[in-house]
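Undergrad: Just passing along the structure, written as structure tokens.
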Amino acid sequence: MPDLSRHMMAFSPQVPLWCIYILLAAVAVMAITGLARRVRGSVWRLLAALGVIAWLCDPQRITETWHPLPETALIVVDQSASMSERNRGDMARNTAERLQAEMNRVPGLVPRIVTLREAQHGGTRLFGALRQAAADIPPSRLAGAVLVTDGEDHDIPASVPDMLNPDDGHGHRTMLPLHVLLTGRGEETDRHLRVLQAPPFAIVGKDVTIRVEIDDQGAHPPPDATTQLTLTQGDGTTFSRPVRIGQPQDITLPVTHPGEMLVGLSAPELPGEVSTRNNHDVIRINGVRDRLRVLLVSGTPNQGERVWRRLLKADPSVDLVHFTILRPPDRDDGTPLSDLALIAFPVNELFQQKIDQFDLIILDGFENRGILPEAYLRNIVNHIRAGGGLLLIGGPEFLTPGSLQDTPLSDILPAHVASTDGMTVRRFRPDLTETGMRHPVTSGLPGAPDKAGAQPGWGPWYRGLRTDSANGEVLMTGPDQQPLLVLDHAGKGRVAFLLSDQAWLWSHGEGGGGPQSELLRRISHWLMKEPELEENQLEAGISAGQMTITRRSVTSGPPPVVHVIAPDGATQSITLEPAGNTGLARARLPARQEGIWTVRDDAGHEAFAAPRMEDPVEFADLRATASLLAPMAAATGGGVRWLGDNPQAPSLPQLVMESGRARSTSDRFAFPARNAHSVSGQQATSLLPAWMVGLFVLVMLLAAWWRESRS
366 MPDLSRHMMA FSPQVPLWCI YILLAAVAVM AITGLARRVR GSVWRLLAAL GVIAWLCDPQ
426 RITETWHPLP ETALIVVDQS ASMSERNRGD MARNTAERLQ AEMNRVPGLV PRIVTLREAQ
486 HGGTRLFGAL RQAAADIPPS RLAGAVLVTD GEDHDIPASV PDMLNPDDGH GHRTMLPLHV
546 LLTGRGEETD RHLRVLQAPP FAIVGKDVTI RVEIDDQGAH PPPDATTQLT LTQGDGTTFS
606 RPVRIGQPQD ITLPVTHPGE MLVGLSAPEL PGEVSTRNNH DVIRINGVRD RLRVLLVSGT
666 PNQGERVWRR LLKADPSVDL VHFTILRPPD RDDGTPLSDL ALIAFPVNEL FQQKIDQFDL
726 IILDGFENRG ILPEAYLRNI VNHIRAGGGL LLIGGPEFLT PGSLQDTPLS DILPAHVAST
786 DGMTVRRFRP DLTETGMRHP VTSGLPGAPD KAGAQPGWGP WYRGLRTDSA NGEVLMTGPD
846 QQPLLVLDHA GKGRVAFLLS DQAWLWSHGE GGGGPQSELL RRISHWLMKE PELEENQLEA
906 GISAGQMTIT RRSVTSGPPP VVHVIAPDGA TQSITLEPAG NTGLARARLP ARQEGIWTVR
966 DDAGHEAFAA PRMEDPVEFA DLRATASLLA PMAAATGGGV RWLGDNPQAP SLPQLVMESG
1026 RARSTSDRFA FPARNAHSVS GQQATSLLPA WMVGLFVLVM LLAAWWRESR S
């Protein structure tokens, strides 16, 4: 662009301004005095003095040479997640390229393209990208902005931002246009399924209520219009509910099992809607047990019962009922019964009337000796087989005749103590079996070995029971590789047998101690069927478009194969890779399809997973619409135009620059000519040269002398 020039006037005083002010005051006094006394020649002398003062001010004619600077027009290209619908992304990219070429043909206008990628949270934020892009552009050189988008923006300010209404430093503001180019031919419609309320936790065996709403955005459904909402649970159960459009609806679901429960929601397609992507959703409800009831019956007072009380009392979800047998009925030392217990041991109430209310029964060093009749012991057996849990901590009481293994409980005990030489009393360190290294109850315990043959870093125990048979899973061994911890299933219930009463030594730090609290917590939670402690389980989860499948098994064998069923019914078989001797095998595969995925293995285990929507705000409304950005464009004098459906030939407006505030239409986008420039040269010429001032003063003084000589 050619350089321009302008002329202006300035002063360059040759003396300080205060001297000029004094001279002006003196001249004014002399002139007023002379005129008041009618002294001849006063006017001429006044003019001579003013000429000298004017020369001292040195008025100059300044000639500046300007170099015009181009103005920058920002092009913000929306490439957020909603732009992946149809051909919006391609349309926006091609439009930006053509727009850049058209701006390059406009003298004084330079385009700058800024691409807004997909945000993680909070939806599309076009004004944030615009503010960041304009940060390094001088306000005087910003011409305006063009947004190439589908119109869905989530950070529209309440008023015109300062970057589009800059201050020139003198209190004057200039409104810069915000133009909007929209992908599509016109306003679109979209159906949106919204989950208004879904509790993250619910109690197993009870119903949970979720609240949903279906909105038809951009459409005008008739009053009381309804549609069908389809609900699919992870186990494949499907049912429908009628839902009114635009009105919240409560739906009740049963919580059938502990752990995560997935429920898929689906609304039918709205005729003509832009996408069905937000017609679906998956809610996750974690089923939790109600307060677990545990019955702890201890034999004679011992160190272990204190550990059990501390462990179970610390869990707010556990209701503990604890009784300690201070003296069996066949022992009489003359002590009154009122001094032995505050209340009588309610045998009938606990083991006959309310036994079904207990999730777990712990018999710690319990020596029966006729305390529990056989009928009550059979009640315990029946309760365990019906789904309860039983933990026995064995000690010397198993060596006496009539111990628990000589009662109906023997039918469900996972091990039998030898009738002769049934106890070993010597120092030993508990160790894990190969099964124990793979079982979730003992795998990964603090201090546990990470490979077979390695010794655990645990403190010693000093006595353990010897068995002559074990029919459950032996996880830990004691002296002479005798079973120390045995788990077994009994019908629908579970039984655990710890063949030593010295686990409490770990809590006292004996020989370095050990993970006593963690071990007992895992045993009790396994007995109460906590999902994460299942010895044979299949898990699946989806994150960032990748599904992770994990299978745990306590038995070794060839790499397991699982079958993955996508939400659309497509099935594929995947071979899992074992992770050492931990009992775990894993695999990863892409899983971007929305809905509930099902994973099955050949043993009949199932797992369900669903991808989480990374940015729910972004997919709440998938329409292309001008309703959100049009008010801001109108407030800045910008235009709004639809680009059409052909990405290769978008419909662009005419681009112009004009003086004053730009006014635009849908066919003509205008940018203001702000005359941005830099000064390339400056020349000063004195308007009162010394010779001219000297001649003027001389003439004025001669005129004053002549006037005085005429008197």
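Taken in order, the sequence shown gives residues 366 to 1076; the numbers are from our numbering. C-beta atoms are modelled at their ideal positions from N, C-alpha and C, and glycine is treated no differently. Every value quoted in this text rests on a predicted model; they were computed, and no experiment measured them.
1. Quick one: give me the first and last residue of the beta strand (DSSP E) that ALA510 is part of.
2. Are PRO526 and GLY473 close, meaning C-beta to C-beta below 9 Å?
3. Keeping to the same chain, check which residues put their C-beta closer than 7 Å to that of PRO522; ignore five residues upstream and five downstream.
4. Looking only at its chain, what residues have a beta carbon closer than 6 Å to the beta carbon of GLN598, apart from the 5 residues adjacent to it on each side?
5. In angstroms with no decimal places, state the Cα-to-Cα distance between SER921 and GLY948.
6. How close, in whole Å, do the beta carbons of HIS519 and VAL982 come, if the pair is a contact with beta carbons under 8 Å?
7. I'd like to know whether the C-beta atoms of PHE862 and LEU797 end up nearer to each other than 9 Å.
8. Are three or more beta carbon pairs between the segment 417 to 431 and the segment 1049 to 1058 nearer than 8 Å?
9. How about ALA989 and GLY454: do their beta carbons lie closer than 9 Å?
10. Under 9 Å between the Cβ atoms of VAL1021 and ALA413?
11. On the DSSP bridge assignment, give the partners of VAL964 in chain order.
12. Distance check for ASP724 and ALA888, CA to CA, integer angstroms please.
13. Quick check on the burial criterion: 16 or more other C-beta atoms within 10 angstroms. Buried or exposed for MET373?
14. Excluding the 5 residues flanking VAL683 on each side, which residues of the same chain have their C-beta closer than 6 Å to its C-beta?
15. Count the other CB atoms, across all protein chains shown, that sit within 10 Å of the CB of ARG550; report buried if there are 16 or more and exposed otherwise.
16. Less than 6 Å between C-beta atoms, sequence neighbours within five positions excluded: which residues of the same chain meet that for PRO381?
17. Determine whether the Cβ of THR1030 lies closer than 9 Å to any Cβ atom of chain B.
18. May I have the straight-line CA-CA distance separating LEU558 from LEU661, to the nearest angstrom?
19. Under the three-state reduction of DSSP, which class applies to HIS890: helix, strand or coil?
20. When you compare each of GLU553, SER605 and GLY652 to GLY637 by their alpha carbons, which one comes out closest?
21. Go through the segment 727 to 754 residue by residue and report every complete run of the alpha helix (DSSP H) that reaches 4 residues or more, in order.
22. Given ARG482, which residues of its chain have a CB within under 8 Å of its CB, disregarding the five upstream and five downstream residues?
23. Only counting the same chain, and skipping five residues up and downstream in sequence, which positions put a Cβ closer than 6 Å to that of LEU822?
24. Just to confirm my understanding: we take SER407, look at its own chain, exclude 5 residues before and 5 after, and list those with CB closer than 7 Å. What are they?
25. With a floor of 4 residues, list each alpha helix (DSSP H) that falls wholly inside the segment 421 to 462, ordered by position along the chain.
26. Under the DSSP definition of a beta bridge, which residues are partnered with SER834?
27. Thinking C-beta only, is HIS748 closer than 9 Å to ILE720?
28. DSSP three-state call for ALA567: helix, strand or coil?
29. Could you tell me how far apart the beta carbons of LEU852 and GLU838 are, in whole angstroms, since I believe they sit closer than 8 Å?
30. In chain order, what residues of the same chain have a beta carbon less than 7 Å from the beta carbon of THR915, not counting five sequence neighbours either side?
31. Let me know the beta strand (DSSP E) ranges lying completely inside the segment 812 to 868, each 3 residues or longer, listed in chain order.
32. Quick one: residues in its chain with C-beta nearer than 6 Å to the C-beta of ASN901, no 5 flanking neighbours on either side, listed in chain order?
33. Could you check where the beta strand (DSSP E) with GLN1019 kicks off and where it finishes?
34. Can you find the residues in the same chain that come closer than 6 Å, C-beta to C-beta, to ALA868, ignoring five residues on each side of it along the sequence?
35. Over what stretch of residues does the beta strand (DSSP E) that includes PRO476 continue unbroken?
36. Between the beta-carbon of LEU495 and the beta-carbon of VAL513, is there less than 9 Å?
TA: Reading off the structure:
1. Residues 507 to 514.
2. no
3. Same-chain partners within the cutoff: PHE492.
4. VAL628
5. The straight-line gap from Cα to Cα measures roughly 7 Å.
6. 6 Å
7. no
8. Judged by Cβ distances under 8 Å, the segment 417 to 431 makes contact with the segment 1049 to 1058, as three or more pairs qualify.
9. no
10. Contact: no.
11. VAL929 and ALA972
12. One point to set straight first is that residue 888 is Ile, not Ala, in the sequence displayed. ILE888 and ASP724: Cα-Cα distance of roughly 13 Å.
13. exposed
14. LEU657, VAL659 and LEU677
15. exposed
16. none
17. Considering every chain present, this structure includes no chain B. It has just one protein chain.
18. Going by the C-alpha atoms only, they are around 49 Å apart.
19. Under the three-state reduction of DSSP output, HIS890 falls in the helix class.
20. GLU553
21. As summarised for the segment 727 to 754, the continuous alpha helix (DSSP H) elements at least 4 residues long and confined to that stretch are 739 to 750, given in chain order.
22. Cβ neighbours of ARG482 beyond the five flanking positions: GLN444 and SER445.
23. This sequence places Gly at residue 822; Leu is not what is there. If the five residues before and after GLY822 are omitted, its C-beta is found closer than 6 Å to the C-beta atoms of GLY812, all from its own chain and listed in chain order.
24. So the list reads ALA396, GLY399 and LEU400, once near-sequence residues are dropped.
25. none
26. Answer is HIS781, bridged to SER834.
27. yes
28. strand
29. 5 Å
30. GLU904, LEU949 and ARG951
31. Segments of the beta strand (DSSP E) lying fully in the segment 812 to 868: 826 to 830, 832 to 835, 838 to 842, 848 to 855 and 858 to 863.
32. SER918
33. 1019 to 1023
34. GLN881
35. 474 to 481
36. no
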